[in-house]
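**Q** Residue numbers (our numbering), protein chains in the order written: chain A, 683 to 828; chain B, 39 to 187.
Where a beta carbon is used, it is the ideal one built from N, C-alpha and C, also for glycine.
Computed from a prediction, not measured in an experiment: that's the story for all the values here.
After the structure tokens below, expect a handful of questions from me.
Next up, the structure:
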């Protein structure tokens with residue numbers, strides 16, 4: 683249990699790595715109802731000018747917030763969450779691999795406290811979400827109610 | 039076909055209620071690789087004061103994108119879905135979403151900005167229960183790429 687009074691701006695809340703493969707994208711498409719073929723069909727993705735199949739921005743946004751949910755101890759405490767999607771996360775399909783078992787693309791996630799509002803008892807967690815060192819989400823901020 | 043500049047200010051009324059099911063929460067939570075027990079185990083959710091399984095923080099996207107589909111599929115909007123890129127997303131939760139909720143989403147087109155040959159369109163879904171309680175406000179911007187982008 684986190685004591686609100688002990689929090690300070692700039693404090694790290696931790697980091698994690700999420701792996702995403704082609705099977706994960708099919709699963710997210712089904713669960714979310716977002717069946718845009720750029721997230722599961724290589725031919726279509728390249729025909730519309732992408733380097734290949736890319737992850738749903740909402741997959742990355744949804745997966746990244748887990749760091750905050752688990753830190754807060756209650757996913758229901760995340761009262762506001764926003765991001766801009768700036769770079770795609772390509773998800774490769776290497777020859778000879780099983781798309782369900784392949785390790786997939788690694789997305790690195792870390793978080794730090796960006797602001798505190800003692801009157802409202804909230805903490806804003808700023809997330810850094812990168813693929814191969816480049817930010818894929820920008821201004822990814824989650825507001826946690828204590 | 040180009041984007042209809044008169045879309046801004048348009049709204050689309052709520053359609054049939056979206057009923058939040060336990061298995062859908064579990065399925066969505068697994069799909070975003072969320073591990074918190076409150077998404078899977080009713081007793082774990084109850085320990086945190088939730089009356090049923092707790093939806094993950096981005097679960098409302100299911101309801102919001104169903105509302106957005108009304109705009110995207112509206113022939114008068116001029117939006118070619120194959121040219122749509124998700125630019126930004128925000129969720130403001132007035133209270134957590136839990137299993138058993140029956141949700142309505144009213145869609146508002148807040149702004150339309152021409153960008154090159156395309157347009158940036160911001161929409162807002164006001165999500166309430168069928169009894170009128172505010173649950174969440176979602177704001178989404180989509181970039182519709184022009185023919186040369």
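Residue 100 (chain B) CB to nearest chain A CB: under 8 Å?
**A** Chain A contact via Cβ: present.
**Q** Taking DSSP's pairing of strands, which residues face residue 700 (chain A) in a bridge?
**A** Per DSSP, A:789.
**Q** Does the stretch 42-61 of chain B come within contact of the stretch 782-790 of chain A, defined as at least 3 CB pairs closer than 8 Å?
**A** Touching, no, given that fewer than three Cβ pairs across the two stretches are closer than 8 Å.
**Q** Who are the Cβ neighbours of residue 76 (chain B) in its own chain at under 6 Å, not counting the five residues just before and after it?
**A** If we look at residue 76 (chain B) and ignore the five residues flanking it on each side, its Cβ neighbours are 82, 83, 86, 92.
**Q** Since residue 819 (chain A) sits in a beta bridge, which residues does DSSP pair it with?
**A** Note: residue 819 (chain A) sits in a beta bridge opposite A:767, A:811.
**Q** Just curious, the alpha helix (DSSP H) that residue 66 (chain B) is in, first and last residue?
**A** Residue 66 (chain B) -> alpha helix (DSSP H) spans 60-69.
**Q** Using the Cα positions of residue 754 (chain A) and residue 772 (chain A), report the straight-line distance between them to the nearest angstrom.
**A** Rounded to the nearest angstrom, the two C-alpha atoms are 30 Å apart.
**Q** Could you tell me whether the Cβ atoms of residue 826 (chain A) and residue 750 (chain A) are closer together than 8 Å?
**A** Yes, the pair counts as a contact, with Cβ atoms nearer than the cut-off.
**Q** Please check if any C-beta of chain A sits within less than 8 Å of the C-beta of residue 103 (chain B).
**A** So yes, residue 103 (chain B) belongs to the interface.
**Q** Tell me the DSSP bridge mates of residue 156 (chain B)?
**A** Its beta-bridge partners are B:153.
**Q** Check residue 100 (chain B) in the structure and name its three-state DSSP category.
**A** In this structure, residue 100 (chain B) counts as helix in the three-state DSSP scheme.
**Q** On the premise that residue 101 (chain B) lies in contact with residue 163 (chain B), defined as a C-beta separation below 8 Å, what is that separation, rounded to the nearest angstrom?
**A** The Cβ separation is near 7 Å, so the contact holds.
**Q** Can you name the residues that DSSP bridges to residue 795 (chain A)?
**A** Per DSSP, A:807.
**Q** Answer yes or no: do residue 95 (chain B) and residue 760 (chain A) have a C-beta to C-beta separation smaller than 8 Å?
**A** It is a contact, given that the beta carbons lie within the stated cut-off.
**Q** Using 8 Å as the limit for Cβ to Cβ distance, is residue 86 (chain B) near chain A?
**A** Chain A contact via Cβ: present.
**Q** Three or more C-beta pairs closer than 8 Å, one from the stretch 788-806 of chain A and one from the stretch 686-699 of chain A: is that the case here?
**A** Touching, per the Cβ criterion.
**Q** Around the C-beta of residue 132 (chain B), are 16 or more other C-beta atoms found within 10 angstroms, so that it is buried, or is it exposed?
**A** When all chains shown are included, residue 132 (chain B) counts as exposed.
**Q** Please decide whether residue 713 (chain A) counts as near chain D, where near means a Cβ-Cβ distance under 8 Å.
**A** No chain D is present in this structure, whose protein chains are A and B.
**Q** Using only the alpha-carbon positions, how far apart do residue 718 (chain A) and residue 800 (chain A) sit?
**A** Going from the Cα of residue 718 (chain A) to the Cα of residue 800 (chain A) covers about 42 Å.
**Q** For the stretch 103-111 of chain B and the stretch 60-73 of chain B, state whether three or more C-beta atom pairs, one from each stretch, are separated by less than 8 Å.
**A** No, the stretch 103-111 of chain B does not touch the stretch 60-73 of chain B.
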